[in-house]
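>
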Amino acid sequence: MSNYKTVFFTLGILQIILGVFMFIPIIFQFIYSEIDSSFFGASLVTIIFGILFFSIKFRS
Amino acid sequence: LVYCFFLSNLDHDKKLTLQQAFLLTALSWLSIAIFGSLPFIFSDLNFSFVNAFFESMSGITTTGSTIISNLDEMPKSILLWRAILQWLGGIGIIIMAITLMPIMNVGGMQLFKISNNDSSEKILPKSKEIALRLIYIYTSLTLLCGLTYKAFGMSFFDSLTHSMTTIATGGFSNYNESIGFFNSVSIEISAMIFIILGSLPFIAYIKFISGDKKIIFNDVQIKTFFKIIIASIIILSIYLFVSGAADLNLRSIFFNVISILTGTGYVNAEFDTWGSFTLILFLGLMFIGGCAGSTTCGIKIFRIQILYLFVANQLKKIIYPKGVFILKYDQNPIDNKFISSIISFIYMYLVIFFILTALLSLTGLDFVTSISGAATSISNVGPGLGSVIGPNGDFSTLPDISKWILTLGMILGRLELFAILVLFLPSFWRN
Numbered sequence: 003m004s005n006y007k008t009v010f011f012t013l014g015i016l017q018i019i020l021g022v023f024m025f026i027p028i029i030f031q032f033i034y035s036e037i038d039s040s041f042f043g044a045s046l047v048t049i050i051f052g053i054l055f056f057s058i059k060f061r062s
Numbered sequence: 002l003v004y005c006f007f008l009s010n011l012d013h014d015k016k017l018t019l020q021q022a023f024l025l026t027a028l029s030w031l032s033i034a035i036f037g038s039l040p041f042i043f044s045d046l047n048f049s050f051v052n053a054f055f056e057s058m059s060g061i062t063t064t065g066s067t068i069i070s071n072l073d074e075m076p077k078s079i080l081l082w083r084a085i086l087q088w089l090g091g092i093g094i095i096i097m098a099i100t101l102m103p104i105m106n107v108g109g110m111q112l113f114k115i116s117n118n119d120s121s122e123k124i125l126p127k128s129k130e131i132a133l134r135l136i137y138i139y140t141s142l143t144l145l146c147g148l149t150y151k152a153f154g155m156s157f158f159d160s161l162t163h164s165m166t167t168i169a170t171g172g173f174s175n176y177n178e179s180i181g182f183f184n185s186v187s188i189e190i191s192a193m194i195f196i197i198l199g200s201l202p203f204i205a206y207i208k209f210i211s212g213d214k215k216i217i218f219n220d221v222q223i224k225t226f227f228k229i230i231i232a233s234i235i236i237l238s239i240y241l242f243v244s245g246a247a248d249l250n251l252r253s254i255f256f257n258v259i260s261i262l263t264g265t266g267y268v269n270a271e272f273d274t275w276g277s278f279t280l281i282l283f284l285g286l287m288f289i290g291g292c293a294g295s296t297t298c299g300i301k302i303f304r305i306q307i308l309y310l311f312v313a314n315q316l317k318k319i320i321y322p323k324g325v326f327i328l329k330y331d332q333n334p335i336d337n338k339f340i341s342s343i344i345s346f347i348y349m350y351l352v353i354f355f356i357l358t359a360l361l362s363l364t365g366l367d368f369v370t371s372i373s374g375a376a377t378s379i380s381n382v383g384p385g386l387g388s389v390i391g392p393n394g395d396f397s398t399l400p401d402i403s404k405w406i407l408t409l410g411m412i413l414g415r416l417e418l419f420a421i422l423v424l425f426l427p428s429f430w431r432n
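Protein chains in written order, with this note's numbering: chain U, 3 to 62; chain W, 2 to 432.
1. In chain order, what residues of the same chain lie with their CB nearer than 7 Å to the CB of residue 84 of chain W, ignoring the 5 residues before and after it?
2. Report the option in W:93, W:401 and W:27 whose CA atom is closest to the CA atom of residue 135 of chain W.
3. Select from W:23, W:22 and W:31 the residue whose C-alpha is nearest the C-alpha of residue 20 of chain U.
4. So is residue 25 of chain U in contact with chain W if we call contact Cβ pairs under 8 Å?
5. Roughly how many angstroms lie between the CA atoms of residue 431 of chain W and residue 277 of chain W, to the nearest whole one?
6. Taking the straight line between their C-alpha atoms, what separation do you get for residue 59 of chain W and residue 412 of chain W?
7. What residues of chain W sit near residue 40 of chain U, judged by a beta carbon separation below 7 Å?
8. To be precise: take each residue of the region 322-352 of chain W, compare its Cβ to all Cβ atoms of chain U, and keep it if any distance is under 7 Å. Which residues remain?
9. Mapping the DSSP letters down to three states, classify residue 124 of chain W as helix, strand or coil.
10. Under 8 Å, Cβ to Cβ, is there at least one residue of chain W near residue 54 of chain U?
11. Within 8 Å (strictly less), CB to CB, does residue 36 of chain W reach chain U?
12. Could you have a look at residue 52 of chain W and say whether DSSP puts it in helix, strand or coil?
13. Within its chain, find whatever has a CB closer than 7 Å to the CB of residue 421 of chain W; leave out the 5 residues flanking it on each side and keep chain order.
14. Taking just the CA atoms, how far does residue 221 of chain W sit from residue 106 of chain W?
15. Could you give the first and the last residue of the continuous alpha helix (DSSP H) run that contains residue 168 of chain W?
16. Out of W:272, W:310, W:322 and W:395, state which residue places its alpha-carbon closest to the alpha-carbon of residue 329 of chain W.
17. Under three-state DSSP, which class holds residue 117 of chain W?
18. Roughly how many whole angstroms lie between the Cα atoms of residue 387 of chain W and residue 238 of chain W?
19. Between the region 259-270 of chain W and the region 188-197 of chain W, do three or more beta carbon pairs fall short of 8 Å?
20. What residues from chain U crowd round residue 446 of chain W, counting only those whose CB sits closer than 8 Å?
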């Protein structure tokens, strides 16, 4: 498992950034009055998984 | 951005084994496709998982095939998300092709090593600096493309999304008629220019900025890329003029040849009605693709060039059995291991293409849909050929199993086959 910590760490960062990118369509949802929870929910799930993967590197 | 963070991490321990590099490459694309599909699943549009995953994978691999049949009615946020996925996929593949692939020795990509010192199984910090420069260039080209589109009459939203999918040579559009919706010569010319800019090796831009102003005219890959475009346009024009299969429309010929060769997948005409030769030509162009180190997919120009040199060399050896012929690419001698790597890549490319075609036909698809579906997925082009998945069709009516097969083709093609195939070797998992 320790061999793959760097891999999971990087995947975690990747997912957090992907989750942050999901906020951009939320802005457009406000502009074009298309508000629903799809992007917010997707962003939340992606960031949570990202943090989980990211934190693997720091576990003993 | 993602790879910059990743490469920043490498500054600390500077250890990424070859095994980890392969695993990271495959899992990165897979995880983005999975999590990138969540907005489609959570939306009110009733996307099934397979449809959402297909759309997401098509986006991140810059393929451009879509299962959405009514794009004009889609929420702006969904259209923007598709464009963002393609934009991220575009920059991801450029950085990976320049920094990771050469070290992974995939399909002859080792020819593009940034320096001679990175032959070890460790990735040098220099990669970080190069990755940052690539991001600046990619973002600048996107902004320039967006401004050009806006200047020629696109709305702010259309120019934003289309600029992202143009530079990524992805081809997602906000309209069923693709770029043809705008019916504007200026927009189509702009699109062609920026598609070509996205199809050139991005390392050439870095060299250009660093002072090598002649790189665009001296690079053998770039020169051959333009020769293929010009030759294809001339051949297609002559065919259409002589056969009378369709009206000779140079605007459509130029646009669709460039779009298909680079794997962008924008269309401005129903080229599937241009006769059978056109379909064969476009199928061939799909396979060739653009330059290595760009956002394009396909076999890539440099592999075609080296294969050609290798075949020519073999012919010379038949004529002069005692002769010694040194294979040179861009004035540099090519090692036999590069040649074997490239030949095995092309061999696997064709084998996987035939397997995908056979599997698609087993799911009940007709011959043209199967063969063009396999080609468009493995080459990350976008539209296929025929009435179902052709320029005016979409992938929504295909059976779910066909969509899974196509997504497999997309990721295999995007990651240069071996980055995925190597994971299935038991020896890969042993220390």
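The beta-carbon is built from N, C-alpha and C at its ideal position, and this holds for glycine as well.
Straight from the coordinates:
1. The residue you call residue 84 of chain W lines up with position 83 of the second sequence. Excluding sequence neighbours, residue 84 of chain W sits near 162, 165, 166 and 173.
2. In the second sequence, counting from the first residue as 1, residue 135 of chain W sits at position 134. Nearest Cα to residue 135 of chain W within the set W:93, W:401 and W:27: W:93.
3. For the purposes of this step, residue 20 of chain U is taken as residue 18 along the first sequence, with counting starting at 1. Out of W:23, W:22 and W:31, W:31 has the C-alpha closest to the C-alpha of residue 20 of chain U.
4. As a working note, residue 25 of chain U is residue 23 in the first sequence. No, because no Cβ of chain W sits closer than 8 Å to the Cβ of residue 25 of chain U.
5. The residue labelled residue 431 of chain W in the question sits at position 430 within the second sequence. The residue labelled residue 277 of chain W in the question sits at position 276 within the second sequence. The alpha-carbon of residue 431 of chain W is positioned some 49 Å away from that of residue 277 of chain W.
6. Start at 1 with the first residue of the second sequence, and residue 59 of chain W comes out as number 58. Start at 1 with the first residue of the second sequence, and residue 412 of chain W comes out as number 411. Each residue's alpha carbon lies about 9 Å from the other.
7. Locating residue 40 of chain U in the first sequence gives position 38, counting from the first residue. Here the neighbours are 40, 43 and 44.
8. Answer set for the region 322-352 of chain W: empty.
9. Counting from one through the second sequence, the residue named residue 124 of chain W turns up at place 123. With a pLDDT of 46 at residue 124 of chain W, under the threshold of 50, the predicted position of this residue should be treated as unreliable, and no value is reported.
10. The residue given as residue 54 of chain U occupies position 52 in the first sequence. So, not an interface residue.
11. Locating residue 36 of chain W in the second sequence gives position 35, counting from the first residue. It does: the Cβ of residue 36 of chain W has a partner Cβ on chain U nearer than 8 Å.
12. Residue numbering aside, residue 52 of chain W sits at position 51 when the second sequence is read from its first letter. In the structure shown, residue 52 of chain W sits in a helix (DSSP, three-state: H, G or I).
13. As a working note, residue 421 of chain W is residue 420 in the second sequence. Sequence-distant Cβ neighbours of residue 421 of chain W in its own chain, meaning closer than 7 Å and more than five residues away, are 27, 412 and 413.
14. What you label residue 106 of chain W is simply residue 105 of the second sequence in a count that begins at 1. What you label residue 221 of chain W is simply residue 220 of the second sequence in a count that begins at 1. Their Cα atoms are separated by approximately 21 Å.
15. Along the second sequence, read from residue 1 onward, the residue named residue 168 of chain W stands at position 167. Residue 168 of chain W -> alpha helix (DSSP H) spans 157-168.
16. Your numbering for residue 329 of chain W matches position 328 in the second sequence. Ranked by Cα distance from residue 329 of chain W, the options W:272, W:310, W:322 and W:395 are led by W:310.
17. For the purposes of this step, residue 117 of chain W is taken as residue 116 along the second sequence, with counting starting at 1. In this prediction, residue 117 of chain W scores a pLDDT of 46, lower than 50, which makes its location untrustworthy; no coordinate-derived value is stated.
18. Reading the second sequence from its first residue, position 386 is the one you call residue 387 of chain W. Reading the second sequence from its first residue, position 237 is the one you call residue 238 of chain W. Separation of residue 387 of chain W and residue 238 of chain W (C-alpha to C-alpha, rounded to the nearest whole angstrom) is 21 Å.
19. With the cut-off at 8 Å, the region 259-270 of chain W and the region 188-197 of chain W touch.
20. Examination of residue 446 of chain W is not possible in this model, given that chain W is present from 2 through 432 alone.
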